[in-house]
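Everything on this sheet refers to the single structure shown next.
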Amino acid sequence: MTTKQPPDHGPDRLVLRNLSKRFGGTVALDQVDWSVRADEVHCLVGENGSGKSTLIKVVSGVLRPDPGGMVLIDGVEQPRMTPTLSKSLGVQVIYQDLSLFPNLSVAENIAMDQLLGPGLGRANHGKMRAAARTVLDSLEHELPLDRVVGTLPVAQRQIVAISRGLAANARLLFMDEPTASLTRSEVDRLFTLVRRLRQMDVTIVFVSHRMDEIAEIADRVSLLRDGVMSGTFDAANVTDHEMAVRLSGDKIVHTIAARPVLRDAPLLQVVDAGRDGEFSNINLTLHKGEILGLTGLLGAGRTELALSLFGMAPLDRGQVRLNGQDLRLRSNQDAINAGIAYLSEDRLSLGLNLRQSISDNVAISVLDRIAGRFGLVTAAERKSLAERWVQELDMKAEDVGAEASTLSGGNQQRVVLAKWLATDPKVLILDSPTVGVDIRNKEGIYRLVRKLAQSGVAILLISDEIPEVYFNADRVLHMKQGRIADEFIPGDVSQDQMKDSIYA
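For the sequence shown, the residue numbers in the numbering used here are 228 to 731.
Quick look at the structure:
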(Lines of atoms letter the chains of each structure in order from A; the text may use other names.)
(Lines give C-alpha, C1' and ligand atoms only; values in the text may rest on other atoms or scores of the structure.)
Protein backbone atom coordinates (compact mmCIF):
# COMPACT_ATOMS: atom_id res chain seq x y z
CA MET A 228 0.00 0.00 0.00
CA THR A 229 1.30 3.43 -0.93
CA THR A 230 1.46 5.90 1.95
CA LYS A 231 -0.55 9.07 1.38
CA GLN A 232 1.18 12.42 1.76
CA PRO A 233 -1.52 14.95 2.70
CA PRO A 234 -1.13 18.04 0.53
CA ASP A 235 -0.90 21.54 1.94
CA HIS A 236 -4.28 23.20 2.14
CA GLY A 237 -5.08 24.56 -1.30
CA PRO A 238 -7.99 26.72 -2.49
CA ASP A 239 -11.50 25.29 -2.62
CA ARG A 240 -12.54 23.89 -5.99
CA LEU A 241 -16.12 23.27 -4.88
CA VAL A 242 -18.17 25.00 -2.19
CA LEU A 243 -21.81 24.29 -1.32
CA ARG A 244 -23.70 26.60 1.01
CA ASN A 245 -27.14 26.06 2.51
CA LEU A 246 -27.93 23.51 -0.19
CA SER A 247 -31.31 21.78 0.13
CA LYS A 248 -33.38 19.62 -2.19
CA ARG A 249 -36.87 18.23 -1.58
CA PHE A 250 -38.91 15.75 -3.59
CA GLY A 251 -42.48 16.07 -2.38
CA GLY A 252 -42.43 15.05 1.27
CA THR A 253 -38.92 13.63 1.10
CA VAL A 254 -35.95 15.78 2.13
CA ALA A 255 -32.99 14.55 0.09
CA LEU A 256 -30.56 17.33 1.10
CA ASP A 257 -30.99 19.56 4.12
CA GLN A 258 -28.98 22.82 4.32
CA VAL A 259 -25.71 21.22 3.27
CA ASP A 260 -22.50 23.22 3.73
CA TRP A 261 -19.52 21.49 2.16
CA SER A 262 -16.19 22.25 0.49
CA VAL A 263 -13.69 20.25 -1.55
CA ARG A 264 -10.11 21.48 -1.96
CA ALA A 265 -8.45 21.67 -5.33
CA ASP A 266 -5.58 19.39 -4.37
CA GLU A 267 -7.18 16.44 -2.62
CA VAL A 268 -8.92 13.11 -2.92
CA HIS A 269 -12.09 13.68 -0.92
CA CYS A 270 -14.27 10.71 0.02
CA LEU A 271 -18.02 11.19 0.36
CA VAL A 272 -19.55 8.52 2.55
CA GLY A 273 -23.17 7.78 3.35
CA GLU A 274 -25.66 4.96 3.59
CA ASN A 275 -27.91 4.21 0.62
CA GLY A 276 -30.49 6.99 0.51
CA SER A 277 -28.35 9.49 2.42
CA GLY A 278 -28.42 12.01 -0.45
CA LYS A 279 -25.08 11.34 -2.16
CA SER A 280 -26.56 10.90 -5.65
CA THR A 281 -28.77 13.96 -5.24
CA LEU A 282 -25.75 16.06 -4.24
CA ILE A 283 -23.81 14.92 -7.30
CA LYS A 284 -26.77 15.68 -9.59
CA VAL A 285 -27.06 19.19 -8.18
CA VAL A 286 -23.35 19.93 -8.72
CA SER A 287 -23.48 18.48 -12.24
CA GLY A 288 -26.55 20.56 -13.12
CA VAL A 289 -28.98 17.68 -13.53
CA LEU A 290 -31.08 18.86 -10.57
CA ARG A 291 -31.74 22.41 -9.43
CA PRO A 292 -31.40 23.02 -5.69
CA ASP A 293 -34.18 24.59 -3.64
CA PRO A 294 -34.11 28.42 -3.38
CA GLY A 295 -31.40 29.75 -1.09
CA GLY A 296 -28.78 27.17 -1.96
CA MET A 297 -25.45 28.16 -3.47
CA VAL A 298 -22.88 26.33 -5.63
CA LEU A 299 -19.40 27.84 -6.16
CA ILE A 300 -16.82 26.42 -8.57
CA ASP A 301 -13.29 27.77 -8.17
CA GLY A 302 -14.66 30.61 -6.04
CA VAL A 303 -17.31 31.74 -8.54
CA GLU A 304 -20.99 31.39 -7.67
CA GLN A 305 -23.06 29.51 -10.26
CA PRO A 306 -26.70 30.54 -9.69
CA ARG A 307 -28.16 28.45 -12.54
CA MET A 308 -26.04 25.37 -12.98
CA THR A 309 -26.91 23.26 -16.04
CA PRO A 310 -25.26 20.08 -17.36
CA THR A 311 -23.63 22.04 -20.18
CA LEU A 312 -22.32 24.76 -17.87
CA SER A 313 -21.15 22.19 -15.34
CA LYS A 314 -19.09 20.37 -17.96
CA SER A 315 -17.63 23.63 -19.24
CA LEU A 316 -16.45 24.34 -15.67
CA GLY A 317 -14.64 20.99 -15.56
CA VAL A 318 -17.19 18.94 -13.57
CA GLN A 319 -17.35 15.33 -14.69
CA VAL A 320 -19.18 12.37 -13.15
CA ILE A 321 -18.33 8.69 -13.57
CA TYR A 322 -21.35 6.71 -12.47
CA GLN A 323 -21.35 3.04 -11.51
CA ASP A 324 -22.67 2.04 -14.94
CA LEU A 325 -19.91 4.20 -16.52
CA SER A 326 -22.41 5.53 -19.14
CA LEU A 327 -20.25 4.48 -22.08
CA PHE A 328 -21.34 3.57 -25.62
CA PRO A 329 -20.68 -0.20 -25.74
CA ASN A 330 -20.93 -0.43 -29.54
CA LEU A 331 -18.34 2.30 -30.16
CA SER A 332 -14.56 2.05 -30.01
CA VAL A 333 -12.26 3.13 -27.19
CA ALA A 334 -11.16 6.19 -29.19
CA GLU A 335 -14.73 7.19 -30.05
CA ASN A 336 -15.83 6.96 -26.43
CA ILE A 337 -12.87 8.97 -25.12
CA ALA A 338 -13.10 11.70 -27.78
CA MET A 339 -16.89 11.99 -27.71
CA ASP A 340 -16.73 15.80 -27.61
CA GLN A 341 -14.85 15.81 -30.91
CA LEU A 342 -17.35 13.34 -32.37
CA LEU A 343 -20.32 15.48 -31.31
CA GLY A 344 -18.71 18.85 -31.95
CA PRO A 345 -20.26 21.76 -33.87
CA GLY A 346 -21.36 21.26 -37.44
CA LEU A 347 -22.81 18.29 -39.27
CA GLY A 348 -19.71 17.06 -41.06
CA ARG A 349 -18.30 13.58 -40.78
CA ALA A 350 -16.38 12.71 -37.63
CA ASN A 351 -12.61 12.98 -38.00
CA HIS A 352 -11.51 9.61 -36.65
CA GLY A 353 -7.86 10.51 -37.01
CA LYS A 354 -8.26 13.44 -34.65
CA MET A 355 -10.29 11.34 -32.24
CA ARG A 356 -7.60 8.67 -32.12
CA ALA A 357 -4.92 11.30 -31.56
CA ALA A 358 -6.92 12.92 -28.75
CA ALA A 359 -7.57 9.55 -27.12
CA ARG A 360 -3.92 8.57 -27.35
CA THR A 361 -2.82 11.87 -25.77
CA VAL A 362 -5.11 11.32 -22.77
CA LEU A 363 -4.11 7.69 -22.29
CA ASP A 364 -0.43 8.64 -22.50
CA SER A 365 -0.95 11.24 -19.78
CA LEU A 366 -2.40 8.50 -17.58
CA GLU A 367 0.43 6.15 -18.55
CA HIS A 368 -2.07 3.55 -19.77
CA GLU A 369 -2.27 1.47 -22.93
CA LEU A 370 -5.63 0.49 -24.43
CA PRO A 371 -6.46 -0.71 -27.97
CA LEU A 372 -8.03 2.39 -29.54
CA ASP A 373 -10.12 0.47 -32.08
CA ARG A 374 -11.45 -2.11 -29.63
CA VAL A 375 -15.23 -2.01 -29.12
CA VAL A 376 -15.78 -0.88 -25.52
CA GLY A 377 -18.47 -3.46 -24.84
CA THR A 378 -15.87 -6.22 -25.22
CA LEU A 379 -13.52 -4.79 -22.57
CA PRO A 380 -13.42 -5.97 -18.95
CA VAL A 381 -14.93 -3.61 -16.37
CA ALA A 382 -11.60 -2.28 -15.11
CA GLN A 383 -10.56 -1.19 -18.62
CA ARG A 384 -13.98 0.34 -19.31
CA GLN A 385 -13.46 2.41 -16.18
CA ILE A 386 -10.18 3.75 -17.61
CA VAL A 387 -12.09 4.71 -20.77
CA ALA A 388 -14.65 6.61 -18.66
CA ILE A 389 -11.90 8.44 -16.75
CA SER A 390 -10.10 9.25 -20.00
CA ARG A 391 -13.30 10.65 -21.49
CA GLY A 392 -13.58 13.00 -18.52
CA LEU A 393 -9.99 14.16 -18.97
CA ALA A 394 -10.52 14.68 -22.70
CA ALA A 395 -13.35 17.03 -21.70
CA ASN A 396 -10.91 18.98 -19.46
CA ALA A 397 -12.10 17.59 -16.13
CA ARG A 398 -11.03 19.57 -13.06
CA LEU A 399 -13.52 18.10 -10.56
CA LEU A 400 -14.17 14.40 -11.05
CA PHE A 401 -16.87 12.53 -9.12
CA MET A 402 -16.36 8.76 -9.01
CA ASP A 403 -19.53 7.02 -7.77
CA GLU A 404 -18.72 3.69 -6.09
CA PRO A 405 -15.91 3.02 -8.59
CA THR A 406 -14.72 -0.18 -6.89
CA ALA A 407 -18.13 -1.91 -6.73
CA SER A 408 -17.31 -4.36 -9.53
CA LEU A 409 -13.51 -4.61 -9.19
CA THR A 410 -11.25 -7.25 -7.71
CA ARG A 411 -8.60 -6.25 -5.17
CA SER A 412 -5.81 -6.11 -7.75
CA GLU A 413 -7.98 -3.95 -10.02
CA VAL A 414 -8.71 -1.65 -7.04
CA ASP A 415 -4.96 -1.23 -6.49
CA ARG A 416 -4.49 -0.20 -10.11
CA LEU A 417 -7.42 2.24 -9.86
CA PHE A 418 -5.90 3.85 -6.77
CA THR A 419 -2.62 4.34 -8.61
CA LEU A 420 -4.58 6.08 -11.34
CA VAL A 421 -6.43 8.28 -8.81
CA ARG A 422 -3.11 9.43 -7.33
CA ARG A 423 -1.89 10.19 -10.85
CA LEU A 424 -5.01 12.32 -11.48
CA ARG A 425 -4.37 14.34 -8.34
CA GLN A 426 -0.83 15.07 -9.55
CA MET A 427 -2.46 16.37 -12.77
CA ASP A 428 -4.48 18.94 -10.74
CA VAL A 429 -7.73 16.97 -11.03
CA THR A 430 -9.77 17.05 -7.83
CA ILE A 431 -11.36 13.69 -7.01
CA VAL A 432 -14.56 13.15 -5.05
CA PHE A 433 -14.54 9.43 -4.35
CA VAL A 434 -17.95 8.07 -3.31
CA SER A 435 -17.65 4.82 -1.36
CA HIS A 436 -18.91 2.94 1.68
CA ARG A 437 -15.87 0.64 1.99
CA MET A 438 -14.04 1.96 5.01
CA ASP A 439 -10.75 0.18 4.32
CA GLU A 440 -10.53 1.75 0.86
CA ILE A 441 -11.35 5.19 2.23
CA ALA A 442 -8.48 4.98 4.71
CA GLU A 443 -6.15 4.03 1.87
CA ILE A 444 -7.02 6.62 -0.77
CA ALA A 445 -8.62 9.66 0.89
CA ASP A 446 -7.08 12.85 2.23
CA ARG A 447 -10.36 13.89 3.83
CA VAL A 448 -13.71 12.20 4.31
CA SER A 449 -17.16 13.75 4.65
CA LEU A 450 -20.16 11.94 6.13
CA LEU A 451 -23.66 12.47 4.77
CA ARG A 452 -26.57 11.15 6.82
CA ASP A 453 -30.26 11.56 5.95
CA GLY A 454 -29.43 14.51 3.70
CA VAL A 455 -27.39 16.30 6.38
CA MET A 456 -23.61 16.76 6.18
CA SER A 457 -22.57 15.48 9.59
CA GLY A 458 -18.88 16.35 9.40
CA THR A 459 -15.60 16.42 7.47
CA PHE A 460 -12.46 14.81 8.89
CA ASP A 461 -8.88 14.03 8.00
CA ALA A 462 -9.08 10.44 6.84
CA ALA A 463 -6.04 9.47 8.92
CA ASN A 464 -7.74 10.59 12.12
CA VAL A 465 -11.11 8.83 11.99
CA THR A 466 -11.66 5.11 12.60
CA ASP A 467 -14.08 2.75 10.87
CA HIS A 468 -16.13 2.50 14.07
CA GLU A 469 -16.35 6.28 14.48
CA MET A 470 -17.56 6.65 10.90
CA ALA A 471 -20.18 3.92 11.36
CA VAL A 472 -21.50 5.53 14.55
CA ARG A 473 -21.61 8.98 12.95
CA LEU A 474 -23.42 7.62 9.88
CA SER A 475 -26.06 5.81 11.91
CA GLY A 476 -26.49 8.30 14.71
CA ASP A 477 -26.62 5.32 17.06
CA LYS A 478 -24.24 2.71 18.33
CA ILE A 479 -25.48 -0.35 16.46
CA VAL A 480 -23.98 -3.70 17.39
CA HIS A 481 -24.17 -6.32 14.65
CA THR A 482 -24.54 -9.97 15.65
CA ILE A 483 -24.50 -13.02 13.42
CA ALA A 484 -28.06 -14.32 12.96
CA ALA A 485 -27.15 -17.53 11.11
CA ARG A 486 -28.95 -20.67 12.30
CA PRO A 487 -27.89 -24.30 11.73
CA VAL A 488 -28.05 -25.39 8.11
CA LEU A 489 -31.33 -27.21 7.39
CA ARG A 490 -31.10 -30.77 6.12
CA ASP A 491 -34.75 -31.48 5.30
CA ALA A 492 -36.24 -31.44 1.80
CA PRO A 493 -35.81 -28.00 0.22
CA LEU A 494 -38.82 -25.85 -0.56
CA LEU A 495 -37.21 -24.31 -3.67
CA GLN A 496 -34.70 -26.00 -5.96
CA VAL A 497 -32.90 -24.45 -8.91
CA VAL A 498 -31.25 -27.09 -11.10
CA ASP A 499 -28.68 -26.36 -13.82
CA ALA A 500 -30.39 -23.05 -14.61
CA GLY A 501 -29.03 -20.80 -17.31
CA ARG A 502 -29.92 -17.78 -19.39
CA ASP A 503 -27.73 -16.86 -22.35
CA GLY A 504 -25.33 -14.02 -21.65
CA GLU A 505 -26.41 -13.66 -18.02
CA PHE A 506 -25.80 -16.79 -15.90
CA SER A 507 -25.24 -20.52 -16.26
CA ASN A 508 -25.16 -23.79 -14.29
CA ILE A 509 -26.96 -22.31 -11.29
CA ASN A 510 -27.77 -24.91 -8.64
CA LEU A 511 -29.18 -23.85 -5.29
CA THR A 512 -31.62 -24.95 -2.62
CA LEU A 513 -33.77 -22.87 -0.31
CA HIS A 514 -35.58 -24.34 2.69
CA LYS A 515 -38.75 -23.28 4.43
CA GLY A 516 -37.91 -20.59 6.98
CA GLU A 517 -34.33 -20.17 5.71
CA ILE A 518 -32.63 -16.89 4.81
CA LEU A 519 -30.22 -17.57 1.94
CA GLY A 520 -27.85 -14.71 1.08
CA LEU A 521 -26.66 -14.10 -2.47
CA THR A 522 -23.81 -11.65 -3.00
CA GLY A 523 -21.04 -10.83 -5.46
CA LEU A 524 -19.50 -7.98 -7.43
CA LEU A 525 -21.62 -5.70 -9.57
CA GLY A 526 -22.57 -7.49 -12.79
CA ALA A 527 -22.28 -11.00 -11.34
CA GLY A 528 -25.80 -11.90 -12.51
CA ARG A 529 -27.68 -11.78 -9.21
CA THR A 530 -30.59 -9.60 -10.31
CA GLU A 531 -30.82 -11.45 -13.62
CA LEU A 532 -31.26 -14.71 -11.71
CA ALA A 533 -33.91 -13.12 -9.47
CA LEU A 534 -35.87 -11.93 -12.51
CA SER A 535 -35.83 -15.45 -13.93
CA LEU A 536 -37.07 -16.94 -10.65
CA PHE A 537 -39.90 -14.39 -10.76
CA GLY A 538 -40.81 -15.32 -14.34
CA MET A 539 -39.86 -11.97 -15.87
CA ALA A 540 -36.88 -13.34 -17.81
CA PRO A 541 -37.61 -17.03 -18.54
CA LEU A 542 -34.76 -19.53 -18.33
CA ASP A 543 -33.15 -20.82 -21.51
CA ARG A 544 -32.35 -24.10 -19.74
CA GLY A 545 -32.60 -25.76 -16.37
CA GLN A 546 -35.46 -26.18 -13.97
CA VAL A 547 -37.08 -24.52 -10.95
CA ARG A 548 -38.95 -26.75 -8.50
CA LEU A 549 -41.23 -25.80 -5.61
CA ASN A 550 -42.05 -28.55 -3.10
CA GLY A 551 -40.62 -31.03 -5.58
CA GLN A 552 -42.92 -29.94 -8.41
CA ASP A 553 -41.52 -28.47 -11.63
CA LEU A 554 -42.58 -24.89 -12.28
CA ARG A 555 -43.14 -23.28 -15.67
CA LEU A 556 -42.28 -19.64 -15.07
CA ARG A 557 -43.08 -17.71 -18.24
CA SER A 558 -44.39 -14.56 -16.56
CA ASN A 559 -44.46 -12.88 -13.16
CA GLN A 560 -48.08 -14.00 -12.79
CA ASP A 561 -46.89 -17.63 -13.03
CA ALA A 562 -44.48 -16.94 -10.18
CA ILE A 563 -47.10 -15.16 -8.05
CA ASN A 564 -49.58 -18.01 -8.58
CA ALA A 565 -46.88 -20.48 -7.46
CA GLY A 566 -46.20 -18.48 -4.29
CA ILE A 567 -43.04 -16.57 -5.30
CA ALA A 568 -42.81 -12.83 -4.59
CA TYR A 569 -40.08 -10.41 -5.65
CA LEU A 570 -39.13 -7.10 -4.08
CA SER A 571 -37.08 -5.28 -6.71
CA GLU A 572 -33.91 -3.30 -6.10
CA ASP A 573 -35.53 -0.39 -7.96
CA ARG A 574 -38.67 0.10 -5.90
CA LEU A 575 -39.47 3.50 -7.43
CA SER A 576 -39.92 2.19 -10.98
CA LEU A 577 -40.70 -1.50 -10.47
CA GLY A 578 -42.30 -1.80 -7.07
CA LEU A 579 -44.12 1.39 -6.12
CA ASN A 580 -46.43 3.94 -7.71
CA LEU A 581 -45.50 7.11 -5.85
CA ARG A 582 -48.59 9.01 -6.99
CA GLN A 583 -51.01 6.37 -5.77
CA SER A 584 -52.14 5.95 -2.20
CA ILE A 585 -50.64 3.53 0.29
CA SER A 586 -53.83 1.46 0.17
CA ASP A 587 -53.82 1.28 -3.65
CA ASN A 588 -50.18 0.18 -3.69
CA VAL A 589 -50.77 -2.57 -1.12
CA ALA A 590 -53.93 -3.88 -2.77
CA ILE A 591 -52.68 -3.99 -6.37
CA SER A 592 -51.21 -7.50 -6.11
CA VAL A 593 -54.32 -9.12 -4.56
CA LEU A 594 -57.23 -7.38 -6.26
CA ASP A 595 -58.70 -10.71 -7.34
CA ARG A 596 -58.70 -11.96 -3.75
CA ILE A 597 -60.48 -8.99 -2.21
CA ALA A 598 -62.93 -8.34 -5.05
CA GLY A 599 -66.65 -8.61 -4.33
CA ARG A 600 -69.38 -10.54 -6.16
CA PHE A 601 -69.15 -8.49 -9.33
CA GLY A 602 -65.37 -8.20 -9.39
CA LEU A 603 -65.39 -4.83 -7.71
CA VAL A 604 -62.98 -3.80 -4.96
CA THR A 605 -64.36 -1.28 -2.52
CA ALA A 606 -62.38 1.53 -0.94
CA ALA A 607 -63.22 0.02 2.45
CA GLU A 608 -61.60 -3.30 1.48
CA ARG A 609 -58.44 -1.57 0.27
CA LYS A 610 -58.29 0.55 3.40
CA SER A 611 -58.78 -2.42 5.72
CA LEU A 612 -56.03 -4.40 3.98
CA ALA A 613 -53.58 -1.48 4.07
CA GLU A 614 -54.27 -0.65 7.72
CA ARG A 615 -53.57 -4.25 8.65
CA TRP A 616 -50.14 -4.13 7.02
CA VAL A 617 -49.33 -0.65 8.30
CA GLN A 618 -49.74 -2.05 11.78
CA GLU A 619 -48.05 -5.37 11.02
CA LEU A 620 -44.95 -3.73 9.51
CA ASP A 621 -44.84 -0.79 11.93
CA MET A 622 -45.10 1.81 9.17
CA LYS A 623 -45.09 5.50 10.04
CA ALA A 624 -48.21 6.57 8.15
CA GLU A 625 -51.12 8.53 9.59
CA ASP A 626 -53.49 7.90 6.69
CA VAL A 627 -53.41 4.97 4.24
CA GLY A 628 -55.07 7.28 1.72
CA ALA A 629 -51.90 9.42 1.54
CA GLU A 630 -49.70 9.22 -1.54
CA ALA A 631 -46.69 6.90 -1.24
CA SER A 632 -44.48 9.86 -2.23
CA THR A 633 -45.10 11.43 1.19
CA LEU A 634 -43.34 8.58 3.00
CA SER A 635 -39.68 8.18 3.93
CA GLY A 636 -37.52 5.68 2.04
CA GLY A 637 -37.84 3.11 4.82
CA ASN A 638 -41.62 3.34 4.91
CA GLN A 639 -41.86 3.24 1.11
CA GLN A 640 -39.93 -0.02 1.24
CA ARG A 641 -42.40 -1.36 3.80
CA VAL A 642 -45.29 -0.53 1.45
CA VAL A 643 -43.66 -2.59 -1.32
CA LEU A 644 -43.04 -5.39 1.15
CA ALA A 645 -46.68 -5.24 2.29
CA LYS A 646 -47.84 -5.52 -1.33
CA TRP A 647 -46.02 -8.83 -1.70
CA LEU A 648 -46.71 -10.20 1.77
CA ALA A 649 -50.40 -9.72 1.06
CA THR A 650 -50.04 -12.48 -1.58
CA ASP A 651 -49.05 -14.90 1.23
CA PRO A 652 -45.82 -16.02 -0.51
CA LYS A 653 -43.94 -19.23 0.15
CA VAL A 654 -40.72 -17.76 -1.30
CA LEU A 655 -39.78 -14.09 -0.97
CA ILE A 656 -36.93 -12.71 -3.10
CA LEU A 657 -35.48 -9.51 -1.66
CA ASP A 658 -33.16 -7.74 -4.09
CA SER A 659 -31.13 -5.12 -2.17
CA PRO A 660 -34.06 -4.48 0.20
CA THR A 661 -32.41 -1.62 2.08
CA VAL A 662 -31.35 0.56 -0.88
CA GLY A 663 -32.40 4.12 -0.10
CA VAL A 664 -33.09 3.30 3.56
CA ASP A 665 -31.24 4.95 6.45
CA ILE A 666 -29.38 2.72 8.88
CA ARG A 667 -31.98 2.87 11.63
CA ASN A 668 -34.75 1.77 9.27
CA LYS A 669 -32.40 -0.87 7.90
CA GLU A 670 -32.33 -2.53 11.31
CA GLY A 671 -36.14 -2.52 11.36
CA ILE A 672 -36.26 -4.23 7.96
CA TYR A 673 -33.72 -6.83 9.07
CA ARG A 674 -35.84 -7.64 12.14
CA LEU A 675 -38.87 -7.97 9.90
CA VAL A 676 -37.03 -10.31 7.51
CA ARG A 677 -36.01 -12.55 10.41
CA LYS A 678 -39.58 -12.54 11.71
CA LEU A 679 -40.87 -13.61 8.29
CA ALA A 680 -38.34 -16.43 8.16
CA GLN A 681 -39.40 -17.61 11.61
CA SER A 682 -42.99 -17.76 10.33
CA GLY A 683 -41.87 -20.17 7.59
CA VAL A 684 -41.29 -17.91 4.58
CA ALA A 685 -38.21 -18.93 2.58
CA ILE A 686 -36.16 -15.82 1.79
CA LEU A 687 -33.53 -15.19 -0.87
CA LEU A 688 -31.65 -12.08 0.30
CA ILE A 689 -29.65 -10.49 -2.53
CA SER A 690 -27.17 -7.72 -1.74
CA ASP A 691 -23.77 -6.36 -2.73
CA GLU A 692 -23.27 -5.17 0.85
CA ILE A 693 -21.39 -8.03 2.46
CA PRO A 694 -22.34 -7.10 6.06
CA GLU A 695 -26.01 -7.25 5.05
CA VAL A 696 -25.86 -10.91 4.08
CA TYR A 697 -23.18 -11.88 6.61
CA PHE A 698 -25.16 -10.73 9.64
CA ASN A 699 -28.64 -11.68 8.43
CA ALA A 700 -28.41 -14.84 6.33
CA ASP A 701 -28.15 -18.48 7.44
CA ARG A 702 -26.02 -19.30 4.40
CA VAL A 703 -24.38 -17.06 1.81
CA LEU A 704 -23.74 -17.90 -1.85
CA HIS A 705 -21.07 -15.99 -3.76
CA MET A 706 -22.02 -15.38 -7.39
CA LYS A 707 -19.21 -14.56 -9.81
CA GLN A 708 -19.43 -14.00 -13.56
CA GLY A 709 -22.82 -15.67 -13.78
CA ARG A 710 -21.98 -18.74 -11.69
CA ILE A 711 -22.13 -19.80 -8.05
CA ALA A 712 -18.49 -19.71 -6.94
CA ASP A 713 -18.62 -20.36 -3.17
CA GLU A 714 -20.88 -21.02 -0.21
CA PHE A 715 -20.21 -19.55 3.24
CA ILE A 716 -21.67 -20.11 6.70
CA PRO A 717 -21.44 -16.87 8.73
CA GLY A 718 -19.52 -17.61 11.90
CA ASP A 719 -17.68 -20.53 10.35
CA VAL A 720 -15.81 -17.90 8.33
CA SER A 721 -15.19 -14.29 9.36
CA GLN A 722 -16.59 -11.33 7.49
CA ASP A 723 -13.06 -10.41 6.41
CA GLN A 724 -12.46 -13.92 5.03
CA MET A 725 -15.67 -13.71 3.05
CA LYS A 726 -14.76 -10.25 1.77
CA ASP A 727 -11.25 -11.37 0.77
CA SER A 728 -12.71 -14.28 -1.20
CA ILE A 729 -15.31 -12.16 -2.99
CA TYR A 730 -12.92 -9.33 -3.89
CA ALA A 731 -10.03 -11.63 -4.78
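We put the CB at the ideal spot given by N, CA and C, even for glycine.
Euclidean distance between Cα positions of residue i and residue j
i      : j      : result
Leu399 : Ser408 : 23 Å
Met297 : Trp616 : 42 Å
Thr530 : Val303 : 43 Å
Gln319 : Ile693 : 29 Å
Val497 : Ile656 : 14 Å
Ser611 : Ala629 : 14 Å
Thr633 : Gly252 : 4 Å
Val662 : Glu572 : 7 Å
Leu299 : Ser507 : 50 Å
Arg240 : Arg356 : 31 Å
Ala680 : Gln639 : 21 Å
Ala649 : Arg674 : 18 Å
Asp561 : Pro405 : 37 Å
Lys646 : Val589 : 4 Å
Arg422 : Arg391 : 17 Å
Val387 : His352 : 17 Å
Lys314 : Ala395 : 8 Å
Val465 : Ser457 : 13 Å
For residue i, the first and last residue of its enclosing beta strand (DSSP E)
i      : result
Gln354 : In the sequence as presented, Gln is not what sits at residue 354; that position holds Lys. That residue, Lys354, is in no beta strand (DSSP E); its alpha helix (DSSP H) goes His352 to Ser365.
Ile441 : First-last for Ile441: Met438 to Ile444, but that is the alpha helix (DSSP H), not the beta strand (DSSP E).
Thr512 : Phe506 to Leu513
Ala712 : Arg710 to Phe715
Gly520 : Ile518 to Thr522
Ala685 : Ala685 to Ile689
Val497 : Leu495 to Arg502
Val289 : Unbroken run through Val289: none, as it is neither H nor E.
Arg452 : Arg447 to Arg452
Val434 : Thr430 to Val434
Residue i - containing alpha helix (DSSP H), residue span
i      : result
Asp727 : Gln722 to Ile729
Asn336 : Val333 to Ile337
Asn564 : Asn559 to Ala565
Val414 : Arg411 to Gln426
Leu536 : Arg529 to Leu536
Lys610 : Ala606 to Glu619
Ser635 : Unbroken run through Ser635: none, as it is neither H nor E.
Thr281 : Lys279 to Val286
Ile693 : Ile693 to Tyr697
Simplified DSSP state of residue i, which is helix, strand or coil
i      : result
Ile585 : helix
Glu404 : coil
Phe250 : strand
Lys707 : strand
Ile483 : coil
Glu670 : helix
Thr466 : coil
Arg677 : helix
Thr459 : strand
Leu379 : coil
Ala733 : Residue 733 lies beyond the range of the chain shown here (228 to 731); nothing can be said about it.
Gly545 : strand
Asp626 : coil
Ala195 : The first residue shown for the chain is 228 and the last is 731, placing residue 195 beyond what the model contains.
Leu657 : strand
Val593 : helix
Asp553 : strand
Val642 : helix
Asp239 : strand
Between the region 484-494 and the region 514-521, are three or more C-beta pairs nearer than 8 Å? Cβ pair count under 8 Å is three or more, so yes.
Could you name each continuous beta strand (DSSP E) segment of 3 residues or more that falls completely within the region 298-333, going from the start of the chain to the end? Note on the region 298-333: whole beta strand (DSSP E) runs with a minimum of 3 residues are 318-321, in chain order.
Any chance the region 561-575 sits against the region 643-654, with 3 or more Cβ pairs inside 8 Å? Between the region 561-575 and the region 643-654, the count of Cβ pairs shorter than 8 Å is three or higher; the stretches touch.
The region 438-446 touching the region 270-288, judged by at least three CB pairs closer than 8 Å: A contact between stretches requires three or more CB pairs, one per stretch, nearer than 8 Å, and the region 438-446 meets this requirement with the region 270-288.
When the Cβ atoms of the region 278-297 are set against those of the region 251-265, are three or more pairs found closer than 8 Å? Counting Cβ pairs under 8 Å, three or more are found: they touch.
I want to know whether the region 382-402 touches the region 709-723 - three or more CB-CB distances under 8 Å. As far as the Cβ criterion goes, the region 382-402 does not touch the region 709-723, which means the pair count is below three.
Okay, do the region 305-313 and the region 361-380 touch, 3+ Cβ pairs below 8 Å being the bar? No: fewer than three Cβ pairs fall under 8 Å.
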